[in-house]
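Each residue of the sequence shown is one higher than the one before, starting from 1 at the first, in UniProt numbering.
What follows is a short report on a single structure.
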Amino acid sequence: MTAVVEAFGKPHVNVGTIGHVDHGKTTLTAAITKHYGNVVAYDQID
């Protein structure tokens, strides 16, 4: 997986998950976003 740095310098990554029902897609996505994401106020986005 590669991260693309856009013109304004913030990393941007699109992630898609494919899998059978009840095989942990939501759990995996939640774990990834919890680890790599950060919480910011709505008015601080972009």
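Idealized CB from N, CA, C, for every residue including glycine.
The model shown is predicted, which means the values in this text are computed figures rather than measured ones.
Does the beta-carbon distance from residue i to residue j come in below 9 Å?
i	j	result
residue 33	residue 25	no
residue 15	residue 27	no
Could you tell me the distance, in whole angstroms, from the CA atom of residue i to the CA atom of residue j?
i	j	result
residue 37	residue 46	15 Å
residue 23	residue 44	35 Å
residue 19	residue 11	26 Å
residue 21	residue 35	24 Å
residue 39	residue 31	14 Å
Tell me the DSSP secondary structure of residue i in three-state form.
i	result
residue 12	strand
residue 30	helix
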